[in-house]
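Report on the following structure.
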């Protein structure tokens, strides 16, 4: 025989007359979660018995609660919170990555400007930024909640863009030291790759962030 899990929520009925009305005159009881009514199907109506509200687990599952009874424990997990965590983790990772990328880009532009103007160039800051460019802040697969067709937080293009920019910066530094036009050409090629990877990353990031936001708020 198939069992149906019933989740019981205690209700304090404010008066004897209200308690009598609730038990003696059955009527459809609407359920609201955060101000939004939960839809119920036939056979899954809420029942009030002895001042307790009995809500079928299927109603909560339809509201995107994971309901599991195991080892005398009833676990309720709201999946909305998982998508909210996606947003937080993605924001933190993106902030770390873009901050490092933008700093390198700004310093490269500054170095190039001085090269063109034939001014004295200090490459120490660029060298330091390259050294600090390693980025390992991606979300671990076990804490990422899949959204639509995206089962993982794979933003490898961000890492590729950093690596390409590191190579580009190294070539630019070599050009400053040697004046070798081939090193300058190599710099432009690697920088182009870095920017292409960056564009690919931002497209994927924006898409998954948007889908996670929709899932967390709809």
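Residue numbers (the working numbering): -13 to 204. We put the beta carbon where it would ideally sit given N, CA and C, even for glycine.
Check	Outcome
DSSP state of residue 23 mapped onto helix, strand, coil	strand
Sequence-distant residues of its chain with Cβ nearer than 8 Å to residue 73 (five each side left out)	195, 198, 199 and 202
Proximity test, Cβ basis, 9 Å: residue 106 and chain C	In the structure shown, chain C does not exist; there is a single protein chain.
Minimum length 3: unbroken beta strand (DSSP E) runs contained in the segment 160 to 203	none
C-alpha distance - residue 87 paired with residue 178, whole-angstrom precision	14 Å
DSSP bridge partner residues for residue 17 (one or two, in chain order)	24
Cβ pair residue 160, residue 174 closer than 9 Å	no
Straight-line Cα distance separating residue 133 from residue 39	33 Å
Distance cut-off 8 Å: residue 113 Cβ against heavy atoms of the ligand SAH	In the structure shown, the ligand SAH is absent, as is every other ligand, since no ligand is present at all.
Cα-Cα separation, residue 26 to residue 84	45 Å
Inter-residue spacing [alpha-carbon to alpha-carbon] between residue 189 and residue 141	10 Å
Euclidean distance between Cα positions of residue 191 and residue 110	32 Å
Span of the alpha helix (DSSP H) around residue 112	110 to 117
Beta carbon of residue 97 nearer than 9 Å to that of residue 170	no
Buried or exposed by the 16-neighbour rule on C-beta atoms within 10 Å, applied to residue 7	Because residue 7 sits at a pLDDT of 42, beneath the cut-off of 50, its placement in the model cannot be relied upon, and the following sentence gives the value as read from the coordinates. That one is exposed.
Rounded distance between the beta-carbons of residue 17 and residue 23, thought under 8 Å	7 Å
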